[in-house]
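S.K.: Protein chains in written order, with my numbering: chain R, 1 to 212; chain E, 213 to 424; chain L, 425 to 636; chain X, 637 to 848.
Number of protein chains: 4
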Amino acid sequence: MRKTDPVKHEKKRQEILEAAGRCFARKGFQGATISDICAEANISAGHLYHYFATKEAIIAGMAAARLAFAAECFNRGVEGPDLIAALVAEMELGKGKAGRKGHSLLFEIIAEAGRNPAVAKILQEHSKAVRALLADVLRKGQARGLVDESLDADVAAAVLLSVLSGSKTLTIHDPKLDTKASAGLLQLLITRFLTPPAKLRAQSEQMNATVN
Amino acid sequence: MRKTDPVKHEKKRQEILEAAGRCFARKGFQGATISDICAEANISAGHLYHYFATKEAIIAGMAAARLAFAAECFNRGVEGPDLIAALVAEMELGKGKAGRKGHSLLFEIIAEAGRNPAVAKILQEHSKAVRALLADVLRKGQARGLVDESLDADVAAAVLLSVLSGSKTLTIHDPKLDTKASAGLLQLLITRFLTPPAKLRAQSEQMNATVN
Amino acid sequence: MRKTDPVKHEKKRQEILEAAGRCFARKGFQGATISDICAEANISAGHLYHYFATKEAIIAGMAAARLAFAAECFNRGVEGPDLIAALVAEMELGKGKAGRKGHSLLFEIIAEAGRNPAVAKILQEHSKAVRALLADVLRKGQARGLVDESLDADVAAAVLLSVLSGSKTLTIHDPKLDTKASAGLLQLLITRFLTPPAKLRAQSEQMNATVN
Amino acid sequence: MRKTDPVKHEKKRQEILEAAGRCFARKGFQGATISDICAEANISAGHLYHYFATKEAIIAGMAAARLAFAAECFNRGVEGPDLIAALVAEMELGKGKAGRKGHSLLFEIIAEAGRNPAVAKILQEHSKAVRALLADVLRKGQARGLVDESLDADVAAAVLLSVLSGSKTLTIHDPKLDTKASAGLLQLLITRFLTPPAKLRAQSEQMNATVN
DNA sequence: CATGAATGAGCTTTCATTCAT
DNA sequence: CATGAATGAAAGCTCATTCAT
Chain R
1 MRKTDPVKHE KKRQEILEAA GRCFARKGFQ GATISDICAE ANISAGHLYH
51 YFATKEAIIA GMAAARLAFA AECFNRGVEG PDLIAALVAE MELGKGKAGR
101 KGHSLLFEII AEAGRNPAVA KILQEHSKAV RALLADVLRK GQARGLVDES
151 LDADVAAAVL LSVLSGSKTL TIHDPKLDTK ASAGLLQLLI TRFLTPPAKL
201 RAQSEQMNAT VN
Chain E
213 MRKTDPVKHE KKRQEILEAA GRCFARKGFQ GATISDICAE ANISAGHLYH
263 YFATKEAIIA GMAAARLAFA AECFNRGVEG PDLIAALVAE MELGKGKAGR
313 KGHSLLFEII AEAGRNPAVA KILQEHSKAV RALLADVLRK GQARGLVDES
363 LDADVAAAVL LSVLSGSKTL TIHDPKLDTK ASAGLLQLLI TRFLTPPAKL
413 RAQSEQMNAT VN
Chain L
425 MRKTDPVKHE KKRQEILEAA GRCFARKGFQ GATISDICAE ANISAGHLYH
475 YFATKEAIIA GMAAARLAFA AECFNRGVEG PDLIAALVAE MELGKGKAGR
525 KGHSLLFEII AEAGRNPAVA KILQEHSKAV RALLADVLRK GQARGLVDES
575 LDADVAAAVL LSVLSGSKTL TIHDPKLDTK ASAGLLQLLI TRFLTPPAKL
625 RAQSEQMNAT VN
Chain X
637 MRKTDPVKHE KKRQEILEAA GRCFARKGFQ GATISDICAE ANISAGHLYH
687 YFATKEAIIA GMAAARLAFA AECFNRGVEG PDLIAALVAE MELGKGKAGR
737 KGHSLLFEII AEAGRNPAVA KILQEHSKAV RALLADVLRK GQARGLVDES
787 LDADVAAAVL LSVLSGSKTL TIHDPKLDTK ASAGLLQLLI TRFLTPPAKL
837 RAQSEQMNAT VN
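And the structure:
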């Protein structure tokens, strides 16, 4: 009497979600068909429904998995020594086609969240967690004098994350973008936003001194 | 034999595009059917095809119209006296449900651009034009000492527009967002990014003086 | 601006219902597919849905049409001079294959009524109407001394109709049935049930007299 | 190497058929799925196929079991002292919802017999046996002067069974049926059909005598 | 210009059945 | 004996598009 092995089951589920992710990135949520996903996952149409009750469930599951993965990457980067460099790195400006596909998927999720409450909830829970983490990092920075104390850490975290999202539109708006220059300006933008004015003044005085 | 009145024809086209825009905002590009659009525009399915050859053409036409309108608004605001206030105003953070629908539509367009070359081209042409305009404004600002001269105006314009796009994810990521505080920090972010360091130092010294 | 012609529309609807009736008689409600019905009605699958929203609606519509037709036949027969002969005629015992198909359809409807409320309602409304008519005829018979006055006309009508339904199982239970003999006995059964005892006695005394 | 215990095997078969009967009563032959039956019988889908080769076989087996059971009940009742009361009792007019489910199943079988030869054969064999039995009882009644000798016992048996079948449509045609009154009239109907005219005359003369 | 009847490919989903374990 | 993962054909239904009127 062999009972279902829940580990194997979960592994297969993840495999399917990954296959679905690739299809969705290629064709969008509605453009990708169940057939596409089955072909990509190498299973039959009928079998897919042992793992997911509806296509909706696949979309929701896939969004959750993708965002969880993104959050994990973000966490790792942000807990390192250089917050600003980590943020800019997260923007993945230069990844070519593969990166752009991933970005499309992100905007697909955002658009879907506008009319699919299940996806909206997933997206909001994800960003709440990421925002909280970032706010925490900012507060520590404020304690160490590296971040302007006059900024509300929670709001600043939300704004920084929106900048991060926005940065991913750069290559979509302009495929011939100078990614190095853009990354540099984004780094400058974040630096000027976060650095305490006193410190900034000191730096610029020093620069002036150097110049003169 | 009366020939088609081209003015009337164009007017109807615009009407249909507006109807399509409402449907797309509600249900997405694939979720909205030709039937939906016909119902919204009060015409028959057959008649729709006198104005647009395919659904694709409606999507493209609608994206073009929507972006043209956005550009127009943007131009008006940006040519006014206060650039930064205009940018923040453009972010439309507090518009409630209606605003969020419009934002979903924007991200729909962005996601679609990732896999539909026609839409990608429209989006890129639009942003090229807007970017050029904004870069021009920035250059004038640099000439008048209001904008940091060390910034490359073209790249800075692209970055600012990406911040603008990103800001529209704020209410999607968190519907309970404190819109005033967010708008305030975004304004601060742009200010600190653009203001020449020298001027900023002056301001902050002045502030310090006031404080002491 | 040609508007839909409701007459044509209704005619097509009836055509489809007739085609559906044939398919259902052949394969049952679930056994007959939308494709089958479309092929039988010579229309495309998509077009069927201009006339019926769901397969359920086709079943319901078809049941209603079929029962309405049956009621019409019944009414015509029953209002004639010989009620009992009409009832026996209605049993259609000798119609061969075609008849049996029609009977299967009837039992299909009855079985479906057991779990499909919409069909149950249609069936009940139909039989209510037929029962009322038959009860009326019985009451007139009672007034003229042809029907036993001690019978409750309403209950007797229901019982007679159930006998009519039951008679349609005869050829299903036994395909080699002696239809003439069965029809004869059914006629006798109904006669003995309805005829006033006094009249029956007179007849049988007369018969006895003849025999002796 | 233990061989299959044929007793246990048969017992399980019967269990499954009972479970199938409940499912079929609830949802019909095509509406009930193999999954439904497995869940109701608490076995796995694969295991079911150790007992039945196809769904068809389950339907046939279940029909056979159900009809065998019905025949058994019938036999017991009909061999008792009061034939007519037994027939009316068999009609089960007042059993509420449960009864109606059982009746639906009967009509399901009848409808299925119209297009499924296997089921048709089972039904016909069953009714042949029951008819033979009933004909026998009638012949005995004729010998004892309780049943009209002019009736052909075989045909009368078929007609009586069709009345029995038909009676089961009563509550389907009218859920608010007066079951007592209907049962009374059915009893009267059968009585008048079977009783020898001479005896009937005697009874009615007696009644007249009483009345006068 | 305007209609809506008509098409048919293709969608998501279901389900009887098989098979490795 | 018993499981449930796996199949794949086919179901009901949708929808962009065409066309006679």
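Cβ coordinates follow ideal geometry from the N, Cα and C atoms, glycine included.
Can you check the stretch 526-607 of chain L for any alpha helix (DSSP H) of at least 4 residues that lies completely inside it and give the ranges in chain order?
M.R.: Complete alpha helix (DSSP H) runs here, min 4: 541-567, 577-591 and 594-597.
S.K.: With a threshold of 16 other CB atoms inside 10 Å of the CB of ALA143 of chain R, please say whether the residue is buried or exposed.
M.R.: exposed
S.K.: Buried or exposed: where does ASP641 of chain X fall if 16 or more other Cβ atoms within 10 Å of its Cβ makes it buried?
M.R.: exposed
S.K.: Going by Cα to Cα distance, which pick from X:MET698, X:THR805, X:GLU676 and X:PRO832 is closest to ILE637 of chain L?
M.R.: Residue 637 of chain L is absent from the model: chain L starts at 425 and stops at 636.
S.K.: Going along the stretch 479-499 of chain L in order, which residues come within less than 7 angstroms of chain X, judged by CB to CB distance?
M.R.: Close to chain X, meaning a Cβ-Cβ distance shorter than 7 angstroms, is no residue of the stretch 479-499 of chain L at all.
S.K.: Here's the rule: buried if 16 or more other CB atoms are within 10 angstroms of the residue's CB, otherwise exposed. What is HIS338 of chain E?
M.R.: buried
S.K.: Report back the beta-carbon spacing between VAL561 of chain L and LEU618 of chain L to the nearest angstrom; my notes put them in contact at under 8 angstroms.
M.R.: The Cβ separation is near 11 angstroms, so there is no contact.
S.K.: Just reading off the alpha helix (DSSP H) that ASN678 of chain X is part of, what are its end residues?
M.R.: Counting along the chain, ASN678 of chain X falls outside any alpha helix (DSSP H), and DSSP gives it neither H nor E.
S.K.: Interface residues of chain E around GLU108 of chain R at Cβ under 7 angstroms?
M.R.: ALA323
S.K.: Against VAL561 of chain L, what residues of chain X qualify as contacts under a CB-to-CB distance less than 8 angstroms, listed in chain order?
M.R.: Result: empty, since nearest Cβ-Cβ is about 16 angstroms, beyond 8 angstroms.
S.K.: Are the Cβ atoms of LEU529 of chain L and ALA463 of chain L separated by less than 8 angstroms?
M.R.: no
S.K.: Count the other C-beta atoms from every protein chain shown that fall within 10 angstroms of the C-beta of ASN752 of chain X, then say buried if there are 16 or more, exposed otherwise.
M.R.: buried
S.K.: For ALA677 of chain X and CYS659 of chain X, I'd like the C-alpha separation in whole angstroms.
M.R.: The straight-line gap from Cα to Cα measures roughly 10 angstroms.
S.K.: Examine the Cβ distances between the stretch 42-57 of chain R and the stretch 78-85 of chain R and report whether three or more of them are shorter than 8 angstroms.
M.R.: no
S.K.: So with Cβ pairs under 8 angstroms, would you call GLU464 of chain L a contact of chain X?
M.R.: no
S.K.: Just to confirm, are ALA794 of chain X and SER606 of chain L a CB contact at a threshold of 8 angstroms?
M.R.: yes
S.K.: Since GLN242 of chain E meets chain R, which of its residues come closer than 9 angstroms, beta carbon to beta carbon?
M.R.: GLY28, PHE29, GLN30 and GLY31
S.K.: Excluding the five sequence neighbours on either side, which residues of its own chain have a C-beta within less than 6 angstroms of the C-beta of ALA668 of chain X, listed in chain order?
M.R.: Contacts found: CYS659 and PHE660.
S.K.: Along the alpha helix (DSSP H) that carries HIS645 of chain X, what are the first and last residues, could you check?
M.R.: Under the DSSP assignment, HIS645 of chain X falls in the alpha helix (DSSP H) whose first and last residues are 642-667.
S.K.: Exposed or buried, which one is VAL431 of chain L when buried takes at least 16 other CB atoms within 10 Å?
M.R.: exposed
S.K.: If you draw a straight line from the alpha carbon of ARG278 of chain E to that of GLY233 of chain E, how long is it in whole angstroms?
M.R.: 8 angstroms
S.K.: Tell me which residues share the same chain as LEU557 of chain L and place their Cβ nearer than 7 angstroms to its Cβ, disregarding the 5 neighbours each side in the sequence.
M.R.: ASN499 and VAL502
S.K.: Consider the Cβ of ALA341 of chain E: report whether some Cβ of chain R lies at a distance smaller than 8 angstroms.
M.R.: no
S.K.: Please report the straight-line C-alpha distance between LYS600 of chain L and ALA559 of chain L, rounded to a whole angstrom.
M.R.: 34 angstroms
S.K.: If you draw a straight line from the alpha carbon of ASN848 of chain X to that of ALA707 of chain X, how long is it in whole angstroms?
M.R.: In this predicted model, ASN848 of chain X has a pLDDT of only 45, less than 50, meaning its place in the structure is not dependable; the value taken from the coordinates is given anyway. Whole-angstrom Cα-Cα distance: 46 angstroms.
S.K.: What residue from R:GLY94, R:GLU10, R:LEU189 and R:SER162 has the CA that sits closest to ILE384 of chain E's CA?
M.R.: R:SER162
S.K.: Residues of chain R with CB under 9 angstroms from LYS313 of chain E, in chain order?
M.R.: GLY114 and ARG115
S.K.: Please confirm if PHE829 of chain X has its CB atom under 8 angstroms from at least one CB of chain L.
M.R.: yes
S.K.: Give every residue of the same chain whose Cβ lies closer than 7 angstroms to the Cβ of GLY504 of chain L, excluding the five residues on either side of it in the sequence, and list them in chain order.
M.R.: Around GLY504 of chain L: ALA510.
S.K.: To the nearest angstrom, report how far apart LYS223 of chain E and GLY258 of chain E are at their CA atoms.
M.R.: 18 angstroms
S.K.: If the cut is a Cβ gap below 7 angstroms, which residues of chain E does VAL159 of chain R touch?
M.R.: SER394, LEU397, LEU398 and LEU401
S.K.: Could you give the C-beta distance for ILE652 of chain X and ALA696 of chain X, rounded to a whole number, given that I count them as a contact under 8 angstroms?
M.R.: The Cβ separation is near 13 angstroms, so there is no contact.
S.K.: Residues of chain X with a CB under 8 angstroms from the CB of HIS474 of chain L: which are they?
M.R.: Result: empty, since nearest Cβ-Cβ is about 27 angstroms, beyond 8 angstroms.
S.K.: Kindly indicate which residue of R:LEU200, R:PRO196, R:PRO197 and R:LEU48 has the alpha-carbon position closest to the one of ARG13 of chain R.
M.R.: R:LEU48
S.K.: How about ARG658 of chain X: is its C-beta nearer than 8 angstroms to some C-beta of chain L?
M.R.: By this cut-off, ARG658 of chain X is not an interface position.
S.K.: Interface residues of chain R around ALA390 of chain E at Cβ under 7 angstroms?
M.R.: Correcting the residue identity first, residue 390 of chain E is Asp in this sequence and not Ala. For ASP390 of chain E, the neighbours in chain R by C-beta distance under 7 angstroms run, in chain order, VAL155.
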